[in-house]
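Those letters in the sequence shown? Residues 99 to 439, per our numbering, in order.
Every residue gets a Cβ at the ideal spot worked out from N, C-alpha and C, and that includes glycine.
As the structure is a prediction and not an experimental result, all values here were calculated from the model.
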Amino acid sequence: MIKKYDGKIGFRELLAIIFFCIALKLSDTTPLLLLDEGLNAAWLVPILSGLVIFLSFLFLLSLFKLYKNKDLTDIIYHLTGKFFGFVIILMLFLILLEYLVVSIRDYADILSTMFYLRTPLKYLLLMLIVTAFYVSHKGINIIGSLCWLTYPLMQGVVLLLIPLALKDLDFSYLFPLGGPGVKTLLKLGILHTSVVSEVISLSIFFTQVRSYKEFKNASLLGLGLSILLITVFMVIYISSYGYTVLSTLNYPHHHLTRLVGLGRFAKNLESFFLGFWSIAIAIRFSIYFYTLATLGTSLIKVKSPNTLLPYIAVVVYILARLPENYTQYVFSIRKVGLMVL
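Take a look at the structure:
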């Protein structure tokens with residue numbers, strides 16, 4: 099039976115969107131951020147952060163159950179009033195904008211450092227932004243459909259890396275399991291909730307999901323699967339290199355793709371993984387672009403998010419080229435950025 103098109107997204111689309119937003123952080127500098135103080139027990143931090151966000155999200159779900167026809171921004175305005183609501187949403191907008199700038203610069207830097215050494219960074223940034231802008235301009239329903247269409251393939255490619263890396267793992271690097279200590283790990287779990295906080299910011303699309311049940315189930319399952327995937331890859335990174343060596347690598351995921359192979363005839367698989375990874379990050383950034391544009395409509399009362407997308411793209415491109423000491427900038431922003439939420 100063919101379902102009538104209603105312009106909304108369902109369980110599958112939202113699940114895939116959450117996967118692209120959260121799980122793909124395993125391929126950027128996020129593992130190094132967790133490793134900074136978590137040491138050999140850094141793989142536990144995503145689990146602890148996930149528990150903190152899970153409790154916060156349960157509270158948010160109770161609000162959505164009460165206000166069934168309101169999204170996140172509507173609830174903020176309703177509970178805090180116009181002035182404070184505007185201030186809170188503006189802060190959320192600026193934080194997400196800064197995170198997008200840092201992330202897109204991060205991925206452009208990965209491409210420039212690891213793969214396209216002769217290509218100027220400004221062109222890589224432009225390529226990422228233009229691609230993300232084009233996809234985001236199609237709207238959340240098309241973004242969701244694209245995410246679900248590519249999700250099984252992307253998930254399969256990510257999981258393929260696990261058995262290929264098994265032969266090089268030394269699980270003794272994980273001991274002692276407590277790492278820097280229980281108190282430090284609990285503190286890091288709270289401080290690094292930004293790693294999985296997209297499940298809350300994406301609730302801005304609550305009214306564009308077909309039902310409360312689909313929203314709840316997709317969000318919780320997407321959060322759980324993403325945490326599991328990040329945790330597994332943190333274990334792989336630490337077991338492959340040891341946290342001492344791992345802390346010196348800027349991009350552990352891409353170093354790992356250079357190490358794995360399929361026997362004598364397929365020793366260099368980095369190009370294979372790069373192709374799928376490039377598609378995934380373009381889709382991921384399109385989600386952030388559209389989320390920002392949707393937040394912007396509640397600030398300046400523009401009818402369509404598409405109106406703001408060109409301006410956001412220009413601002414992101416300009417800001418992404420500014421940082422001089424880029425690595426330290428990334429870590430400082432990611433440590434405190436979304437904690438304000």
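- Where does Val307 fall in DSSP's three states? strand
- Message: As a quick exercise: from Leu284, Thr346, Phe370, Leu344, pick the residue whose alpha carbon is nearest that of Arg356.
- Response: Phe370
- Message: Could you tell me the alpha carbon to alpha carbon distance between Asp169 and Thr392, rounded to whole angstroms?
- Response: 11 Å
- Message: Can you find the residues in the same chain that come closer than 7 Å, C-beta to C-beta, to Gly148, ignoring five residues on each side of it along the sequence?
- Response: Val294, Leu321, Ile325
- Whole-Å CB distance - Ser384 paired with Val233, under 8 Å assumed: 4 Å
- Using a threshold of 8 Å, state whether the C-beta atoms of Asn348 and Thr211 are closer than that. yes
- Query: Does the Cβ-Cβ distance between Leu267 and Ile202 come in under 8 Å?
  - Reply: no
- The alpha helix (DSSP H) with His351 in it runs from where to where? 350-357
- Query: By the 10 Å Cβ neighbour count, where 16 or more other Cβ atoms means buried, how is Val414 classified, buried or exposed?
  - Reply: buried
- CA-CA distance, Asn167 and Arg308? 11 Å
- Item | Residue burial classification, Met332 (beta-carbon count within 10 angstroms, cutoff 16) | buried
- Task: Could you check if Tyr409 is buried or exposed, using at least 16 other CB atoms within 10 Å of its CB as the buried criterion?
- Result: exposed
- Query: For the candidate residues Ile381, Ser292, Val412, whose alpha-carbon lies nearest to that of Tyr197?
  - Reply: Ser292
- Taking the C-alpha atoms as reference points, what is the distance between Phe374 and Asp134? 28 Å
- Cβ-based neighbour list, Asn404, same chain, cut-off 6 Å, excluding 5 preceding and 5 following: His235
- Query: Rounded to a whole number of angstroms, what is the C-alpha to C-alpha distance between Lys281 and His290?
  - Reply: 14 Å
- Query: So, Ala139 versus Gly277, is the Cβ gap smaller than 8 Å?
  - Reply: yes
- Task: Starting from Ser234, trace the alpha helix (DSSP H) both ways and give me its first and last residue.
- Result: 219-234
- Beta-carbon spacing of Ser345, Ala263 below 8 Å: no
- Task: Take the Cβ of Gly136 as the centre, count every other Cβ of all protein chains shown within 10 Å, and call the residue buried at 16 or more, exposed below.
- Result: buried
- Considering only the beta carbon of each residue, do Ile381 and Gln306 sit closer than 8 Å? no
- Query: Relative to the C-alpha of Pro129, which residue among Leu275, Leu258, His352 is closest?
  - Reply: His352
- Give the C-beta separation of Trp246 and Ala114 to the nearest angstrom, bearing in mind that I take them to be a contact with Cβ-Cβ under 8 Å. 4 Å
- Query: Sorted by chain position, which residues of the same chain lie with C-beta nearer than 7 Å to Gly183's C-beta, five sequence neighbours on each side aside?
  - Reply: Ile174, Tyr175
- Message: Does Thr389 pass the burial test, meaning 16 or more other C-beta atoms within 10 Å, or should it be called exposed?
- Response: buried
- Message: Output needed for Phe191: all residues of its chain with C-beta closer than 8 Å, excluding positions within five of it in sequence on either side, in chain order.
- Response: Leu390, Leu393, Gly394, Leu397
- So is Leu215 buried or exposed if we call it buried at 16+ other beta carbons inside 10 Å? exposed
- Neighbour-count burial assignment, Pro144, 16 or more Cβ in a 10 Å radius: buried
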